[in-house]
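Respectively, the protein sequence lines represent chains A, B, C, D, E and F. Quick note: the first sequence uses our numbering, first residue 1, plus one each step. Quick note: the second sequence uses our numbering, first residue 1001, plus one each step. Quick note: the third sequence uses our numbering, first residue 2001, plus one each step. Quick note: the fourth sequence uses our numbering, first residue 3001, plus one each step. Quick note: the fifth sequence uses our numbering, first residue 4001, plus one each step. Quick note: the sixth sequence uses our numbering, first residue 5001, plus one each step.
6 protein chains.
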Amino acid sequence: MHIKDHNWMQIDQYLKQDDRVMLVLGACEQHGYLSLLTDVNIPMAIAEKAANQCGVLVAPPLNFGCAPFFLDYPGTISLRLHTYLDVVEDILRSLNGVGFRRVLILNGHGGNIPVKIHLVELLNELTDLRLRWYEWWTSDSVEKIAKKYDLVADHANWLEAFDFNIVADLPAETKPLPVPKVEILGKAASREAFGDGAYGGPYQVDPAIMNEILDACLADVLDLLKFD
Amino acid sequence: MHIKDHNWMQIDQYLKQDDRVMLVLGACEQHGYLSLLTDVNIPMAIAEKAANQCGVLVAPPLNFGCAPFFLDYPGTISLRLHTYLDVVEDILRSLNGVGFRRVLILNGHGGNIPVKIHLVELLNELTDLRLRWYEWWTSDSVEKIAKKYDLVADHANWLEAFDFNIVADLPAETKPLPVPKVEILGKAASREAFGDGAYGGPYQVDPAIMNEILDACLADVLDLLKFD
Amino acid sequence: MHIKDHNWMQIDQYLKQDDRVMLVLGACEQHGYLSLLTDVNIPMAIAEKAANQCGVLVAPPLNFGCAPFFLDYPGTISLRLHTYLDVVEDILRSLNGVGFRRVLILNGHGGNIPVKIHLVELLNELTDLRLRWYEWWTSDSVEKIAKKYDLVADHANWLEAFDFNIVADLPAETKPLPVPKVEILGKAASREAFGDGAYGGPYQVDPAIMNEILDACLADVLDLLKFD
Amino acid sequence: MHIKDHNWMQIDQYLKQDDRVMLVLGACEQHGYLSLLTDVNIPMAIAEKAANQCGVLVAPPLNFGCAPFFLDYPGTISLRLHTYLDVVEDILRSLNGVGFRRVLILNGHGGNIPVKIHLVELLNELTDLRLRWYEWWTSDSVEKIAKKYDLVADHANWLEAFDFNIVADLPAETKPLPVPKVEILGKAASREAFGDGAYGGPYQVDPAIMNEILDACLADVLDLLKFD
Amino acid sequence: MHIKDHNWMQIDQYLKQDDRVMLVLGACEQHGYLSLLTDVNIPMAIAEKAANQCGVLVAPPLNFGCAPFFLDYPGTISLRLHTYLDVVEDILRSLNGVGFRRVLILNGHGGNIPVKIHLVELLNELTDLRLRWYEWWTSDSVEKIAKKYDLVADHANWLEAFDFNIVADLPAETKPLPVPKVEILGKAASREAFGDGAYGGPYQVDPAIMNEILDACLADVLDLLKFD
Amino acid sequence: MHIKDHNWMQIDQYLKQDDRVMLVLGACEQHGYLSLLTDVNIPMAIAEKAANQCGVLVAPPLNFGCAPFFLDYPGTISLRLHTYLDVVEDILRSLNGVGFRRVLILNGHGGNIPVKIHLVELLNELTDLRLRWYEWWTSDSVEKIAKKYDLVADHANWLEAFDFNIVADLPAETKPLPVPKVEILGKAASREAFGDGAYGGPYQVDPAIMNEILDACLADVLDLLKFD
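Right, dumping it as C-alpha cells:
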C-alpha cells in the first residue's frame, strides 16, 4: 500500500473510496550505534504494518528532518527549520490538492515537532483538511511498556534498537543517563555532551520487548486511522 | 534593571562587568478569563524579581508569539512561525553583536517552543553565545507544587491566575479537564473545543499557592543565571 | 484601555461597538542620554492619553524596530527590514481577522517608515481594512511648536527629552547640529558620526514646551481616530 | 560610459583606475500624462550627462520599483518590497564583488526609498563599500528652483514633464493640489484619489525651467561623485 | 553502501579514506502507467549498482521534486521551487560540513534541473566542494541506444519502463508523439494535453534494451565518480 | 510600441483592443568581447521588430538575470535565483492584474531558464493567464541556419556578434570548442575554464548570416504572438 507501488490511475481509484494517507516524517541523523536512518525506519515499519491491516496508503517518507544539534556527527543531514516548514507544507498541499482529506503524520524525530505549529497555520487555510500526528516514542503505549520493564526511553538507546536499525554490534554495558539540559546546545557542545550519541541507559533489551512496542504502536496507529 | 530604564552609555558600562541578559518571549493570546498578555506578564514578573536580586539586565519583552490555534478568539495576535524565528534571531544577534554572551530566555508561551530548534542553528554560527531557556510552567518546581496540592496545571486555568493577570471575575466552579488531543486543531476547531479558552480544572486557587509558585520560579531563575 | 488589561471576552464585547485600535510601533535603540525605549515610550504615552479620552483600544507595543545604523551602540536591538515587514503584517492580519477594521498606527521611529510601502501591499489584499499612520515628530503640530521656540527637532535631542525618557542627567550645553548626510552610513560610520548619539541642538528645554507637544499630539491623534 | 557599451575586459581596465559606478533605480508606474518610465528616464538622463563629464560608469537601470499604490493604473509594474530589497542587494553585491567600492545610487522613485534601510544592513556586512543616494526631486537644488518660480513639485506634474517624458499632449490647465493624506491608501483608493494620476499643480512649465533643473541636478551629481 | 546501513562512526571511518558520496534527487509524480516514484527508482538503481562496484556511499534519496505541471494527477507531490532550492542546499551543506568534498548528484527528474543554478551560488561560497550532476535520460549513452533502436525517449514511455517501475499492465499500442510545446502549461492544461501521462511512443520495449541502458548508465556513473 | 513610450491612459486604451505583451528577460553578464548587455540587446531587437510589424506592446526589459557562474568577470551583475523567481513573478502579476492575458516572454539568457518551473506554479494560480516562452538561440530556426553554415552556436561566439553588440574589435581567429562540462562550476572555476569568456568557435561571421538569424527569429516571434 505504498504510493511508490502505484501509478496515478490507481491512486485516482483509491480516492474514490478513501481519502486517508499516512505520511512518515523522519530524519537522517546520528543514532549512536544504530542506523543513521533510524527515525525513518521505525515509523515506516509501523506504517507498513498498519497499511497491511487496514489498506490505508503510505506516502514516500521524507528522509530528512531538523537535526542542527547533531551536525558534527558525520552522516547527519539537517534541513534548516525554515526549509523544513516549507517542505512539509508543500507535501500536504499536494496531497490535499488532489483529494486527500485525512492525513496521519507518523513523526519519527523530536527535532521535527516545531512543524506542528506551522501545520496549524496551514489548517487555518485548508479548511477541508484533517491532520493527526503520532509520535510513537512519546505515546502512552510506549511509556507504559518502558515503565513495566523499568526502562528509561531515550534517543538512540535500547528504545530504538529494533533489528532493522542494527548496523553494528551494540555495547553490552549500560550508559549513564545524561544530566538534564538547562542550556541550548550547538552542534559542538552536543557532540561533546553525548559522546557516542546515545542518551544513556542500556543499548539493547530483549527482542520480545521490542516486538511488544511495535505491536502497541501498530494498535495506536490503527486506532488513529479511524479519524473518529 | 530594565534596558528601558537605561541609555546606551549605561549599557556600555554594564557590559564591562557583566555579559548576561534576560529576554522574555511572550504572547498576546486568549487566556480565558485572564489577561490577553498573561504569557508576557508572568515571565516578566519573574524576571523583574530576579533582576532586583542579582542585577542582571532585562530586555524589553517580545509581546507577540505564535498562537495560530487561537486566532478566532478576539484579541489574539499571532506571528507566523517563519516570522517568529526571524524576530527572535534578530534580537539575539543584536544583543550578541554588542557583547552579550549569556542570555537567559524566559519563555511564557507553549507556541513559542519551536524557536528552540532555530536557536540551535544560530548557536552553530555564533559560537561565543550561550543560551539558556526557562519555561516556568513546565519546570520541575511548578510540577512539584501542583502535585503537592493535587492540581493539574494547564493553559488559562488556576496556574496562570496571578493577581496581575486577573482582569475580570473568575468562575468559582471547576471546568472539566479536556480530552487529550489526537488531532492538530485549526483555529475554528480550537475555539469549538476550548469554549471559554481555559483548558480545564479550577479557575483559581489560594493566592498563597500562587506566591509559592512565583518564589520557586524565582529561585530557578537565579540559579540558571549563574550559567555554571 | 490596553488590550493587556482585557480578556478575549471583553474584546469580543468591544468589537460589537467599535472596530478601531491603536498600534504603537517603536524601537529599542540608542537615544543619546535618553532611554533606549524612547521610541516606544512617546507614542505609548500619547496613545494612552487618547485612549483615556475616547475609549479606543491600545494594542501591546512592538518594542523592536529597524535600527541597523545604531547596532554599534550597546542596547540597540534591530530587526532586519525583511523581518520587520513580516511582523507588522502578521499583527495587522491578526487584528483584522477578528474584526478590527480601522487601525491607527502610532509610529515612534524613523527606521520603521519603510513598512508603509508593505502596508499598501497588505491593503491591496485586505480590502476591508483602513490604516492611518501617525508620526508625532514629523507632524505639522510639532513642527509648528519647534518653530515657535526656534528649535530644531531631531533624534535624541530636546525633542524626545520627556520626563519619562530621562534616565540620566542631561548635558546642559547645546550640541552642534550635524552636517547633512550625503552618504548612507553603516553602523560603524554612524557611531563615529554621532558620538553620544544625539543629532545636535539642546539636550533639553523647558518642560512646558514638552507638555505643549504632548497636548498637540494628543489632539492630532484624537482627530485621526475619527477616521472621517 | 554605459556598462552596456563595454565588454568585461574594458570594465576590468576601468577598475584599475576607478572604483566608482552610478546605479539608477527607477520604476515603471503611472505618471499621469507622462511616460510610464518617467522615473527611469530622469535619473538616467542626469547620470548620462554626468558620465559624459567625469567618465564614471553607469550600470544598466533597474526598470522596476515599488509602486503597489498604483497597481490599478494600467502599465504600472510593481515589485513587492521584499523582492525589491533583494534585487538591489544582489546588484550591489555583484558590483562590490568585482571591485566597485563607491556607488552613487540615483533613485528616481519615492516608493523605492525603503531600500535605504536595507542598504544599511548591507553596509554593516560589506565594510569596504561606500554608498551615496541621490533623489533629484527632493534635492535642495530642485526645491530652490521650485520656490524661485513659486511652483509646488509633485508626482507627475510639471516637475517631471521633461521633453523625453512627454508621450501625449499635456493639459493646459492647472490641477488643484491634493489634500494631504492621513491614510495609507491601497491601489483602489489611490486611483480614486488621484484620478488622472498627477498630484496637482500645472502639468507643464517653461522648458527653460526644466533645463535649469537638469543643470542643477547634474551639478549635484558631479559633486556627489567626488565621494569626499 | 547506503548511509542508511551505517551508523555515524562508520561514516566517520569512511571519511578518513574517501570524501565522495552519491545523492539521488527524485520526484513523486505521475508517470503514466508506471510507478509514481519512477524518478527515484531509476537513479537509485544506478547508484546502488555503482556503489556495489566502487564502494562510494549513497545518501538517502530526496523523494520529492518540482512537478507543478502534474499537480492535477493524483499521487503527484510537488515542492515549490523556492522550497526545493533550499532543501538541496541544506543537504549539501550538511554533507560538506562533516567532510564530504565530492558529490555526484544523480538527478532523476527534469523539473529539478533549475537547482543547478542555485548550486553554482552554493559553490561560490563552499569553495572546497566539487559537484557533478548526472541525468541518465539526457546522457549521450542513452541517446545513442535510443537512436540505435530507432526509439524516441520521453517522459513515462518505454524509456522508464524498467521492471522495478512496472506496477500495472502496460498498453501494447504506441501512443502518438506529442506536438512540441510552445506554451508554458499549468497543471490543468498539462493534464488535458498529456491524458494518461505518457508523452508518447511505445509504452515498453524488449527488456534487453532496458538492461543495455542500465549498463550504459552504470558505466557513466563509475566514470564520473573518478572526479578526474 | 514600448510601454516606456506610453502613459497609462494609452495602455488603458490598448487593453480594450488587445491583451498581449512581450517581456524581455535578459542579463548583464560577460560575453567575451561583446557587450555585457548582449542578452538584453538581442531579444529586445527582435521584440522591437515584431512590435513594429504587429503592434504588440513591449514591456521594459529586466536588465538583470541569473549568472552566478560569471561573477568573477567584471561587469557581470547576477540576481540570486530566489530573487529572480520573485522578480519575474511580480512583473507578471502586475501585468496580469490590469488585464494582460497573453504574455510572450523573450528570454535572452540560459541562466534564466529555471524560472520556467516557477511560472508553472504561477499559472496554477492565475488561471486566466497564458504564457509563451521563446529562446531565440535554441530555436529550430537558428539551429537550422547554424547547421546550414556548419557553425556551432554557443555563448559569446559568432552567434551573438550582432552589430549592436560589438563594442570592441573581435579576434579574427577561431577559438577551440570547449570540452563538455561534467562538473558544476563555481565562478572561479568558470573564469579559469572560459578565459576570454567566449565558449569557442569563430568570433564573428558574415553579417548576412546574422541578418538571416534575426529575420528567422522575427518570423518565429510573429508566429508565437498569434497565440493560437
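The beta-carbon is built from N, C-alpha and C at its ideal position, and this holds for glycine as well.
Three-state class that DSSP yields for residue i in the structure shown
i	result
S1190 (chain B)	helix
L5034 (chain F)	strand
M3028 (chain D)	Note that residue 3028 (chain D) is Cys in the sequence shown, not Met. It is a strand residue.
T1138 (chain B)	helix
I1113 (chain B)	coil
T3083 (chain D)	helix
P2202 (chain C)	strand
V1021 (chain B)	strand
K2175 (chain C)	strand
R2299 (chain C)	With chain C covering only 2001 through 2228, there is no way to say anything about residue 2299 (chain C).
V5040 (chain F)	helix
L1095 (chain B)	helix
V2056 (chain C)	coil
L214 (chain A)	helix
L2222 (chain C)	helix
Top-ranked residue by Cα proximity to residue i, from the options
i	options	result
A5219 (chain F)	F:Q5204, F:P5202, F:V5179, F:D5140	F:D5140
I1117 (chain B)	A:I113, A:F64, A:L15	A:I113
D5163 (chain F)	F:W5136, F:L5214, F:V5152	F:L5214
A2193 (chain C)	C:Q2204, C:D2206, C:P2176	C:P2176
P4171 (chain E)	E:A4156, E:I4184, E:V4179, E:P4061	E:A4156
P1060 (chain B)	B:Q1204, B:A1067, B:P1043, B:D1228	B:P1043
V1058 (chain B)	B:C1028, B:R1132, B:I1105, B:L1079	B:I1105
V3088 (chain D)	F:S5094, F:G5065, F:N5107	F:G5065
Proximity test, Cβ basis, 7 Å: residue i and chain B
i	result
S2078 (chain C)	yes
K187 (chain A)	yes
I117 (chain A)	yes
E48 (chain A)	no
Any C-beta of chain C under 7 Å from that of residue i
i	result
C3217 (chain D)	no
G1111 (chain B)	no
Closer than 7 Å to chain F by CB, residue i
i	result
C3066 (chain D)	no
G4075 (chain E)	no
C3201 (chain D)	Looking at the sequence provided, one finds Gly at residue 3201 (chain D) rather than Cys. It does not: the Cβ of G3201 (chain D) has no partner Cβ on chain F nearer than 7 Å.
CB contact below 7 Å: residue i versus chain E
i	result
N107 (chain A)	no
W5133 (chain F)	yes
V5103 (chain F)	no
V5182 (chain F)	yes
W7 (chain A)	In the sequence as presented, Trp is not what sits at residue 7 (chain A); that position holds Asn. It does; some Cβ of chain E falls within 7 Å.
Short CB-CB distance (under 7 Å) between residue i and chain A
i	result
G1195 (chain B)	no
N4063 (chain E)	yes
N1157 (chain B)	no
Chain D contact for residue i (CB, 7 Å cutoff)
i	result
V5088 (chain F)	no
E2055 (chain C)	Before going further, note that residue 2055 (chain C) is Gly rather than Glu in the sequence given. So, not an interface residue.
* Please confirm if the segment 4123–4135 of chain E is in contact with the segment 5121–5138 of chain F, defined as three or more CB-CB distances below 8 Å between the two stretches. => no
* Any 3 or more C-beta pairs closer than 8 Å across the segment 47–59 of chain A and the segment 6–26 of chain A -> yes
* Cβ contact check for the segment 1072–1084 of chain B and the segment 2089–2109 of chain C: 3 or more pairs under 8 Å -> yes
* Flag this pair as touching only if the segment 2036–2044 of chain C and the segment 1219–1228 of chain B have three or more C-beta atom pairs under 8 Å; answer yes or no. => no
* **Whole alpha helix (DSSP H) elements within the segment 119–166 of chain A, 4-residue minimum** => Counting only runs of at least 4 residues, the segment 119–166 of chain A fully encloses the following alpha helix (DSSP H) elements, listed from N- to C-terminal order: 140–148.
* Decide if the segment 1192–1208 of chain B is in contact with the segment 1145–1156 of chain B; the criterion is three or more beta carbon pairs, one per stretch, under 8 Å apart. => The segment 1145–1156 of chain B and the segment 1192–1208 of chain B touch, with three or more beta-carbon pairs separated by less than 8 Å.
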